[in-house]
Amino acid sequence: MKTILVGDLHLKAQIILPMVEQKVKELGIKRVILLGDFTDAYEQERNFDLYMNELDYLFLWKSKMKVFGVEVINLLGNHDVSYLTVTPRSYSLQSADGFLSVGRKLLKLNLQIAFQLDDYLVSHAGYTQDFDLEDWHFETITENLIDNLDNLEDHVGKARDGEYFLGSPLWADFDHELSCLPNPKYQKQIVGHTPQTKITTVHKGEFELVGIDTFTIIPIKRKPFFKEIGSGEILLYEDGMLIPIQLDWQNDKVFEKLNETFERSRRIATLHGIILDFEKWSITVDDKEVFLTNKEFDIFVYLLEHESKKLSTSEIKSKILVRYEKNATLTEIIDDLNTKIQPLEIRKLSDDEFIFER
Numbered sequence: 006m007k008t009i010l011v012g013d014l015h016l017k018a019q020i021i022l023p024m025v026e027q028k029v030k031e032l033g034i035k036r037v038i039l040l041g042d043f044t045d046a047y048e049q050e051r052n053f054d055l056y057m058n059e060l061d062y063l064f065l066w067k068s069k070m071k072v073f074g075v076e077v078i079n080l081l082g083n084h085d086v087s088y089l090t091v092t093p094r095s096y097s098l099q100s101a102d103g104f105l106s107v108g109r110k111l112l113k114l115n116l117q118i119a120f121q122l123d124d125y126l127v128s129h130a131g132y133t134q135d136f137d138l139e140d141w142h143f144e145t146i147t148e149n150l151i152d153n154l155d156n157l158e159d160h161v162g163k164a165r166d167g168e169y170f171l172g173s174p175l176w177a178d179f180d181h182e183l184s185c186l187p188n189p190k191y192q193k194q195i196v197g198h199t200p201q202t203k204i205t206t207v208h209k210g211e212f213e214l215v216g217i218d219t220f221t222i223i224p225i226k227r228k229p230f231f232k233e234i235g236s237g238e239i240l241l242y243e244d245g246m247l248i249p250i251q252l253d254w255q256n257d258k259v260f261e262k263l264n265e266t267f268e269r270s271r272r273i274a275t276l277h278g279i280i281l282d283f284e285k286w287s288i289t290v291d292d293k294e295v296f297l298t299n300k301e302f303d304i305f306v307y308l309l310e311h312e313s314k315k316l317s318t319s320e321i322k323s324k325i326l327v328r329y330e331k332n333a334t335l336t337e338i339i340d341d342l343n344t345k346i347q348p349l350e351i352r353k354l355s356d357d358e359f360i361f362e363r
């Protein structure tokens with residue numbers, strides 16, 4: 006069956022799926038597979054309306070596609086599962102009632118863990134040597150199956166700052182886990198989860214591993230206020246062949262729509278005499294303004310809020326770094342941060358403890 010596969014949406018369904026729908030009509034597509042992570046996006050933790058509108062749109066879009074004779078398969082992502090197991094994360098919607106509403110709406114999307122597309126096993130993050138398929142992975146997730154999700158949700162690999170060697174099919178890192186130690190039972194896999202600049206295929210012996218998470222955006226300090234990391238490609242499957250299809254993703258209209266729906270922090274606060282600009286990610290001390298990266302700014306604010314308190318590496322990772330893709334150690338980040346904020350300093354007390362005090 007002629008199929009389109011779409012990577013992580015992260016609250017951008019109303020922008021991306023109309024483009025997908027156009028390709029569905031042009032190419033005569035009969036099936037669309039959405040690879041999960043419908044929820045959560047940078048700085049949208051309090052954007053209740055966006056979450057509700059996105060999930061309602063997804064439900065209606067699937068219903069519309071059914072009328073057109075197009076099957077829509079929705080897979081579960083690591084960001085989505087927290088709402089089903091009711092385990093809020095730092096990057097989840099920060100509203101108790103809203104959080105529960107998201108979970109209820111996700112269940113209506115008839116999510117599942119995996120889908121078998123002829124020779125290709127499709128899932129959010131992929132099956133490494135640590136995980137085998139189970140029959141229920143192909144079933145629609147109902148309230149009766151939610152308890153089965155705990156192991157998949159908690160099994161985070163070291164590449165994502167977890168305690169396990171390899172991540173689950175919701176968490177496996179494409180570059181450092183799946184590509185290195187794929188499960189030999191499933192030699193052809195298509196996944197999202199790990200941001201790619203374009204659709205990426207890894208050939209390793211008999212293995213063919215395809216990463217299609219190409220819609221990642223990150224907030225930046227100045228206009229257009231967002232930066233696109235990926236190319237905005239989707240994947241066409243036809244008669245055993247995989248063909249990347251480019252969407253009209255990298256243009257001003259996309260930025261305009263993002264600015265219409267996504268919230269941007271405009272807060273300025275003063276804490277312990279230091280001015281914090283949450284839009285520009287800058288700190289001002291003694292009339293000197295210093296610009297930081299988003300990650301550095303979040304770490305600095307957290308340490309400032311806990312001034313003179315010893316903080317462990319694991320605490321900082323679980324509270325702050327869990328929302329970011331891993332590309333540097335905490336020690337490296339703090340070393341760079343200290344270079345920028347002199348004469349202020351974050352002191353390293355040991356390999357596992359830091360403190361900020363003046």
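Quick note: the sequence shown uses my numbering, first residue 6, plus one each step.
Think of the CB as a built atom: it goes at the ideal place given N, C-alpha and C, for glycine as much as any other residue.
Residue i lies in the beta strand (DSSP E); which residues open and close that run?
| i | result |
| --- | --- |
| Gly216 | 212-216 |
| Met246 | 246-251 |
| Ile78 | 76-80 |
| Glu243 | 238-243 |
| Thr275 | 273-276 |
Relative to the C-alpha of residue i, which residue among the options is closest?
| i | options | result |
| --- | --- | --- |
| Leu276 | Leu111, Phe305, Phe43, Glu144 | Phe305 |
| Asp159 | Leu171, Phe43, Phe296 | Leu171 |
| Val91 | Phe104, Asp292, Leu80 | Phe104 |
| Val77 | Asp54, Glu213, Glu26, Asp102 | Glu26 |
| Gly82 | Lys190, Glu312, Leu112 | Leu112 |
| Pro224 | Gly131, Glu50, Glu284 | Glu284 |
| Leu89 | Leu55, Asp42, Ala119, Leu122 | Asp42 |
| Lys315 | Leu335, Leu354, Lys300, Leu349 | Leu354 |
| Glu168 | Leu55, Thr298, Glu59, Ser319 | Ser319 |
| Ile217 | Leu55, Val75, His198 | His198 |
Just to confirm before moving on: does the CB-CB distance between residue i and residue j stay below 7 Å?
| i | j | result |
| --- | --- | --- |
| Ile222 | Glu233 | yes |
| Ser100 | Ser87 | no |
| Gln134 | Leu186 | yes |
| Phe359 | Ile351 | yes |
| Lys262 | Ser236 | no |
| Ile34 | Val127 | no |
In angstroms with no decimal places, state the Cα-to-Cα distance between residue i and residue j.
| i | j | result |
| --- | --- | --- |
| Phe64 | Glu362 | 50 Å |
| His367 | Lys322 | There is simply no residue 367 to check, as the chain begins at 6 and stops at 363 in what is shown. |
| Lys30 | Leu281 | 49 Å |
| Met70 | Leu10 | 14 Å |
| Glu182 | Lys209 | 13 Å |
| Asn256 | Leu308 | 38 Å |
| Leu297 | Glu50 | 21 Å |
| Thr334 | Val295 | 22 Å |
| Asp137 | Asn188 | 8 Å |
| Thr219 | His311 | 37 Å |
Specify, as a first and last residue, the run of the alpha helix (DSSP H) that residue i falls within.
| i | result |
| --- | --- |
| Gln27 | 18-32 |
| Leu114 | Here Leu114 belongs to no alpha helix (DSSP H), and DSSP marks it neither H nor E. |
Could you pull the DSSP bridge partners for residue i from this structure?
| i | result |
| --- | --- |
| Lys293 | Val290 |
| Ser355 | Glu358 |
| Ala119 | Ser128 |
| Glu376 | This structure leaves residue 376 out entirely; the chain is present only between 6 and 363. |
| Leu10 | Ile38, Leu240 |
| His208 | Glu213 |
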